[in-house]
Every structure is written in structure tokens, then in C-alpha cells.
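What follows is a short report on a single structure.
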Amino acid sequence: MNTPTRLIGWTVAIAIAALLPFFIHSGRWLDFVELTLFVSLLGQAWNILGGYGGQYSFGHAVFFGTGAYIQAMLQFRYGLGPWAAAPFAIAFGALVGSFIGFLSFRYGLRGSYFALITLAFAEAFHVLARSLVSITEGGRGIQLTLNQDPAQALSTFQFTFAGPFLSHAGYYYTVLFLLVVACVLTWRMEAGRFGAQLLSVRENEDAAEALGVNAFQVKMQAICLSGAIAASAGVYYVQKFLFVDPGIAYGPGKSVEALVAPIIGGLGTVAGPVVGAFFLHGVGEGAKGVIAAAGTSAPGLDLILYGVMLVLVLAFLPRGIVGLFTNLLGRRGR
Amino acid sequence: MDVFGLTLPSYSWETVAGSMISGVFLGALYALVALGLTIVYGVLHIINFAHGALLMIFMYAVYFLWSAVGLDPYVSLIILIPGGFLAGYALQRGVIGRFSHGRDEITLLVTLGIAIIIENGALFAFSATERQVVVPYDFDGIDLGVTYAVWPEIAALAGSLVVTVAVWLFMTRTDTGRAIQAVAKERRGAELMGIDVDHIYGISFGIGAACVAAAACLLAPTYAVHPQFGYLFVLIAFTVVVLGGMGSFAGALVGGFIIGITEQIGRLYLGESLGLITISATFILILLLRPTGLFGQRQ
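Residue numbers (the working numbering), protein chains in the order written: chain A, 1 to 334; chain B, 335 to 633.
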């Protein structure tokens, strides 16, 4: 698709998303869209490193969790305001990214080995968050105080008691804003020199190096950007739920969610993570609805479907749903 | 002792020796789980993320054979080992081999997808409740002076050694075993010699799954099973495999013992929770400093 068509498509999509709270009054459905946008945000973070850079991380929770923990700890332990804490949380996501990236890329870990070391780092952070009780409160987790004063809703970054509209849509706009920023960053990256270099590293690292691309530096930039975006998802999560514990922050769940959405939607495309997240959660929610209508509950059913869709997309749609559509559109245009 | 501001307790040598011995027993189990993983890696060059999920589902099989039919976990070995082999063979030929287009990253993700399906399938079917096989002899054993070894631990140690030796004999003394080694060394060349590579891949994956099925039987008297059971074990198994050298049998055994002892000593000095950091720390250090492991071949 050419740039003007994409620009129009994105503007329409963002406009619809921005107007949605005015039309959806059911908290349940808005929550569903909000959760999907949150997964899209995590997915976009993964997509920058995994989709564009070809470095498949199996432990992206490490960045999400660090963002969440820094956001929670700075408020809980050091009395910082949430708006002052957020830049630190996001910066720490990038910092952890540069730390893991420096070690892994300096020692030349690629492919499966990179996947394993990110998994190991997520588990190491998980153990530390559980064990260093004097810093992280251990397994109990950190619970932030709920602000009940509507006048302070904005200054405390808490929308639960923020009047009729903000309590309905405040967090929705937070995550939408973060996602739009992430998508714009991804798009600028894709269009620019950095994106081209990152793609060349993905396709053939040795050839890229031979052409003068500094693969180490390019991968470092990608993992920092990816870490920062995943950490911003952590900031949103903590402000929304006012709670974080080691399992939520560093457990395998977030790492898996971060990679399934972009793979299903389409690796290395701006829209991929968003399309994938909506498709996955749409199907998951639909399945839950069917089960609920049948009068039972089914823990794990949505995740079974995620797994099935992951395997099927890998088998039959190597470029994901977005790839399928660009193929169809391209064929019709010819 | 003070390390990084943490005050480490000091223990008598008997306590430390006891911890090391229980580390050996624990390590034997890790080695057995890792053996299956290392065979699959050595031949197919894929990291099988579904390994832990297979362990978990075989544990459920052992549990239900015990609770429904009253079968002792060690008797279940007779059913589980061939069953595991067939399941592994079918999984590789029917799903992993077929859907991966021969690309390593895709294979990795396909096995992850299978792990998600099996884990949540177990959650769906069996709920998150922990289930534990109870055997009458689980607290009997031998007094070793510094520690007490129960029969399930001793059986696990013996079982791991027997399985490792059996697999090694199979790989070196039979035609199929030699064919597997040929495929592992030089896939294309083996194909040209008339070896059915897809069949060999299936068999290797089947042997890997059979090892993990044996491990499930040996683990069952000691551990309660729940749907997330595999996750922790698979992380440890990865550590063992990377430490020992991907694809090396001896490495899996030695690596298993090293990790088992490291974990027990870590738990003794750093506490139950922080002690687990020794595993991820070892994992990270090995990946960075010597990704070929102790016994691995340079690539």
C-alpha cells in the first residue's frame, strides 16, 4: 500500500478508536477494547525487536515488569508523583534493554540462543522480585493507595473516581495514546535509515555488516526502543490496577502475549500487532461468550485458541493476517 | 560470611554434605528431563519448548493411571515409555515437522504454540488443582548419615542412569541409532545414503518424549502435578542442556548433577526463594561465556 492510503487508513482507525468511548457505554466492552490495545502495545514493542530486527525474545515480560515495578516503587517507596515516575519507568525499560542487549549481542547470541537468554533474564528478574522483599515487597506485591478525590484525578494519574467520563474512558485514552505513539515511532523507524538497517540485519547480519551496517549498534537501538515501549505498557498497567506482583510483572504470560499478537497479525508491519491483538482477543472473547452462554466457565480455553492460531498462522500464513491482506489487495490491483 | 551485603549463614559440613547429596538426587531427575531435550536438539537442531508441557501431560497420565486403575507409578513406566514414544513421533511428523517449513525460528514458535495448547488444555480439562500420587513407601529409605534418602529419590537416580545408558547403547549399537547419528552430523549426506530423514526425525523426537515420559513416572511419587508444572522444569532442563552442551548425553547427566547440587546449595545459603536465582544466573553465564557448554562441539 502506498503512503497516502496508509495515512488515511491509520487516521480513520485512530479517529474511530478515539470516538469509541462516546458510543460504547458498557464498561465491559470498553474494557475489552482497552485490554486489546494494551496487548497491541506490548506486541508493538516485541515487533520492533522481533518483527523488524529478527531477534525473537521469549522474555519480553522483563521490560514490561521493570516498567511496572519502577512505576510502582517510585510512588510507594520514594513518594514520587506518578507523572514524575513514568519517565523513569520508561527509561529503566530502555536501560534493562541495553543491559540485556549489550550482554547478548556483544557475545554474539543469535536465534534460539537469544530466545533462551531473554527467557532466563525474565526468570532471574522474577526470582529477584520475589526474593528482595525489602525493595519489592516480595510475593505480596506492591499495592498503591487509591485516590478517591475527583479533583486530584489528573495529578494522581488515577481515573477511578474522576467524574463520569474520565472514570469511564481515562485509562482507555492512556493506553490508546501510548499505542499511537508506539505505532508512529515504529512507522518513522520503518521509513527511515534505522529501519532499513534493522531489516538488513534481520535478513542477513553478515551481509549487512559487510555493507557497513553496525549490526551491534542497530540491535542495541532496537532493544532499547522495544524495552521502553514495553515499559510504558507497565506504567499503564500499574496506574490502572494500582498493583503489581512478581507473577504479573515477570511471569511467562506477558512474554507470550507480547509475541503471539505480532506473529499472528504480521511480523515487521506497523499494523501487525494491532490486527493480531484484535483478532486473537476477538476470537478469545467470542469463545468465552459461547462457553458462558452454555452456562459453564472454561479456564484456559481462550489461551488454547491462541496456541492453535499461533501454530496455524506459522504453518499457513508466514506473513500473518496483514500479509494475507496485502497479497489479496496486490493481486486485485494487478 | 558476607557477600554483597547479604549475611550468609554458616553451616556444619554435615548439613552442606547433606544438601549436596540431595542435590545429586534432584540432579538425576533434571538430567533425565534434559536428556530428552538434548536428543531432540542434537538431531533436529530445534529447541523444543513443548518439552515441559509433555512432562506435565505425562505426569497427568501417571496420576490418572494411579487414581483410576491403581497402577503404581513405576509399573506405569511400561505403558508410558512406548506411549510417550508414539506421541512424540506423531507430534514431530504430524505437526512440528510439517508446519515449520524447516526454519529454526518457526520451529521454536511452533513448539511454543504446542506448549500453550497442551498447558491450557490441561487447565481446561483438569483445572488448576494440584494432584499428587501417593505411594506407601514415599517416606521409607536409607539413612546416609548426613541425610536421609527416600526410595523415590534412589529410584530416580538409578532410573536416570539406566535410561541414559540405554539411550547411549541404542544410539551406538543399533542401525537406527547410527542412522540418527548420521542425520545429526550431516543431514543431506544421510539422505543421499537412503536414510528416511523425516522418519529419523520422528524417531528422535519420540525417544526424547519417551525419556520425558520415564521422567514423569520417576517424578510422580515426589511432585504434585498442576498445569504449570512443566514451566519451571523446562527452564531448568534448558539450563542443564546448555551447561552440558546441546546434544551431548554425558553433558546432560553431568549438567543435571551440577545444577541439582548448585540449586540445593543455593537454597541452603540464600533461602528457598532467592536460592533459585542460582539456576537463572548459571544459565545466563553459560549462554554468554560458553554457549557450547561443557561437552558441546564448537560450531
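Don't be surprised by glycine CBs; every beta carbon is placed ideally from N, CA and C.
Using a Cβ cut-off of 8 Å (strictly closer), state whether Gly97 (chain A) contacts chain B. no
Check your understanding: Do Asp438 (chain B) and Gly51 (chain A) have their C-beta atoms closer together than 8 Å?
Key -> no
For this session: Look up Ala365 (chain B) in the DSSP assignment and say whether it is helix, strand or coil.
Result: In the displayed model, Ala365 (chain B) falls within a helix according to three-state DSSP.
Short of 7 Å Cβ to Cβ, which residues in the stretch 245 to 263 of chain A face chain B?
Pro252, Val256, Ile263
Could you pull out every unbroken beta strand (DSSP E) segment of at least 3 residues lying fully inside the stretch 371 to 446 of chain B, listed in chain order? none
Hey, how far is the Cα of Val39 (chain A) from the Cα of Gly581 (chain B)? 36 Å
Discussion item. Using only the alpha-carbon positions, how far apart do Glu137 (chain A) and Arg130 (chain A) sit?
Written reply: 8 Å
By Cβ distance, which residues of its chain are closer than 7 Å to Leu621 (chain B), with the 5 residues on each side in sequence left out?
Within its own chain, the residues whose Cβ lies closer than 7 Å to the Cβ of Leu621 (chain B), once the five positions on either side in sequence are excluded, are Val576, listed in chain order.
_6 Å Cβ shell around Phe504 (chain B) - same chain, five flanking residues per side excluded_ = Gly511
*asked:* Rounding to the nearest angstrom, what Cα-Cα distance links Gln345 (chain A) and Ile48 (chain A) in this structure?
replied: Nothing can be reported for residue 345 (chain A), as the shown portion of chain A is limited to 1 through 334.
Review point. Do Leu389 (chain B) and Val367 (chain B) have their C-beta atoms closer together than 8 Å?
Key: yes
Within the stretch 474 to 512 of chain B, ranges of the beta strand (DSSP E) (whole runs, at least 3 residues): 475 to 477, 482 to 484
Original post:
Are any of the Cβ atoms in chain B nearer than 8 Å to that of Gly307 (chain A)?
Top reply: Cβ-Cβ to chain B under 8 Å: yes for Gly307 (chain A).
Residue-level contact to chain B via CB, Gly300 (chain A), 8 Å cutoff: Against chain B, the CB of Gly300 (chain A) has a partner CB under 8 Å away; the residue lies at that interface.
_Please state the DSSP three-state secondary structure of Phe161 (chain A)._
coil
*Below 8 Å between beta carbons: does that hold for Ala169 (chain A) and Leu30 (chain A)?*
Ala169 (chain A) is a Cβ neighbour of Leu30 (chain A), given a cutoff of 8 Å.
Q. Where does Asn454 (chain B) land, buried or exposed, given buried means 16+ other C-beta within 10 angstroms?
A. Its Cβ being crowded by 16 or more others within 10 Å, Asn454 (chain B) is buried.
- Query: Since Phe385 (chain A) meets chain B, which of its residues come closer than 7 Å, beta carbon to beta carbon?
  - Reply: One cannot answer for residue 385 (chain A) here, as it falls past the ends of chain A, which runs 1 to 334.
Please list the partners that Asp438 (chain B) has in chain A, where partner means a Cβ-to-Cβ separation under 8 Å.
Gly111, Ser112
query: Which chain B residues are close to Ala315 (chain A), counting only those with a beta carbon under 7 Å from its beta carbon?
result: Phe433
**Message:** Once the 5 residues before and after Gly540 (chain B) are set aside, which same chain residues still bring their CB inside 6 Å of it?
**Reply:** Phe419, Gly422, Tyr423
**Asked** Can you tell which of A:Phe76, A:Thr326, A:Ile248, A:Leu20 has its C-alpha closest to the C-alpha of Gly265 (chain A)?
**Response** A:Thr326
Q. Using a C-beta to C-beta distance shorter than 8 Å, which residues of chain A count as neighbours of Ala615 (chain B)?
A. Ala124
> Between Val501 (chain B) and Cys545 (chain B), is the Cβ-Cβ spacing less than 8 Å?
Replying inline: yes
Identify the contact partners of Tyr69 (chain A) in chain B, using a Cβ-Cβ distance below 8 Å as the criterion.
-> Simply none; closest approach about 16 Å.
Buried or exposed: where does Glu487 (chain B) fall if 16 or more other Cβ atoms within 10 Å of its Cβ makes it buried?
buried
request  = Using only alpha-carbon positions, find the residue among B:Gly585, B:Ala395, B:Val358 that is nearest to Thr329 (chain B).
outcome  = Beyond the ends of chain B as shown, which are 335 and 633, falls residue 329 (chain B); an answer cannot be given.
Practice task
Give the straight-line distance between the Cα atoms of Pro561 (chain B) and Leu301 (chain A), rounded to the nearest whole angstrom.
Solution key: 13 Å
**Prompt:** Within this structure, are the beta carbons of Phe121 (chain A) and Gly59 (chain A) separated by less than 8 Å?
**Reply:** yes
query: Got a sec, what are the start and stop residues for the alpha helix (DSSP H) Ile593 (chain B) sits in?
result: DSSP places Ile593 (chain B) inside the alpha helix (DSSP H), whose first and last residues are 583 to 604.
task: Indicate whether at least one CB of chain A lies closer than 8 Å to the CB of Val374 (chain B).
output: no
Quick one: does Ile321 (chain A) have its CB under 8 Å from some CB of chain B?
no
Handout entry: Boundaries (first-last residue) of the alpha helix (DSSP H) holding Arg521 (chain B)
Key = 521 to 526
Between the C-alpha atoms of Thr186 (chain A) and Ala228 (chain A), what's the straight-line distance to the nearest angstrom?
-> 13 Å
- Message: Going by DSSP in three states, Val244 (chain A) sits in which element: helix, strand or coil?
- Response: Val244 (chain A) carries a strand assignment under DSSP once its states are collapsed to helix, strand and coil.
Pull up the DSSP beta-bridge partners for Ala142 (chain A), would you.
-> Sequence check: residue 142 (chain A) is Ile here, not Ala. Paired residue(s): A:Val244.
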